[in-house]
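Asks:
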Amino acid sequence: MPNYPTALRKPPPKVKGQTTEEMILETLPDVSTTVNGMAILKLLSKDCADRYPLGQCPENLHDEDVACKLLEDFQKDLGELSDLIEERNKKLELPYTYLSPKNVDNSVAI
Numbered sequence: 001m002p003n004y005p006t007a008l009r010k011p012p013p014k015v016k017g018q019t020t021e022e023m024i025l026e027t028l029p030d031v032s033t034t035v036n037g038m039a040i041l042k043l044l045s046k047d048c049a050d051r052y053p054l055g056q057c058p059e060n061l062h063d064e065d066v067a068c069k070l071l072e073d074f075q076k077d078l079g080e081l082s083d084l085i086e087e088r089n090k091k092l093e094l095p096y097t098y099l100s101p102k103n104v105d106n107s108v109a110i
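Reminder that position 46 of the sequence shown reads as 46 in UniProt numbering, one-by-one numbering, no gaps.
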């Protein structure tokens with residue numbers, strides 16, 4: 001179950017301290033709604049098969065010297081940033097890897 005309900009069947013209570021267990025159960029979504037929400041979350045959080053990391057292209061789209069140099073510099077900067085993030089994460093009990101350039105997609109498509 002997610003950390004929060006995917007939907008509510010009734011509005012949340014307006015007065016603190018007057019909520020009963022029955023009111024909570026009537027407000028929370030039924031099992032079917034929860035399962036559908038979890039299935040959608042699982043589907044949207046899977047990695048794509050055709051994923052390209054930030055700064056990488058499936059084909060060479062640039063043939064001008066200036067564009068190639070800029071892309072090369074950008075990729076170098078991203079590599080240095082990835083190294084910094086990896087070094088920082090070595091000191092953490094729970095590494096935070098989500099915004100490492102290696103894990104950021106080049107596209108905004110889901």
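For glycine and all other residues, C-beta sits at the position ideal for the given N, C-alpha and C.
Along the chain, which unbroken stretches of the beta strand (DSSP E) at least 3 residues long are found entirely within the region 11-96?
Replies: Listed in chain order, there is nothing to give.
Asks: Determine the contact status of S100 and S82, defining contact as a CB-CB distance below 7 Å.
Replies: Within the sequence shown, residue 100 is the residue found at index 100, counting from 1. Within the sequence shown, residue 82 is the residue found at index 82, counting from 1. Yes. Within cutoff.
Asks: Between M38 and V31, what straight-line distance do the alpha-carbon atoms span, to the nearest angstrom?
Replies: As a position in the sequence shown, residue 38 is number 38, starting the count at 1. As a position in the sequence shown, residue 31 is number 31, starting the count at 1. Taking the straight line joining both Cα atoms gives about 10 Å.
Asks: Report yes if the C-beta distance between P13 and T19 is below 7 Å; otherwise report no.
Replies: Translated into positions along the sequence shown, residue 13 becomes position 13. Translated into positions along the sequence shown, residue 19 becomes position 19. The answer is yes: Cβ separation under 7 Å.
Asks: Return yes when at least one heavy atom of the ligand FMN lies under 6 Å from the C-beta of T27, else no.
Replies: This structure lacks the ligand FMN; in fact it carries no ligand of any kind.
Asks: Just to confirm, are L28 and P5 a CB contact at a threshold of 7 Å?
Replies: In the sequence shown, counting from the first residue as 1, residue 28 sits at position 28. In the sequence shown, counting from the first residue as 1, residue 5 sits at position 5. Against a cut-off of 7 Å, the Cβ pair of P5 and L28 comes out as a contact.
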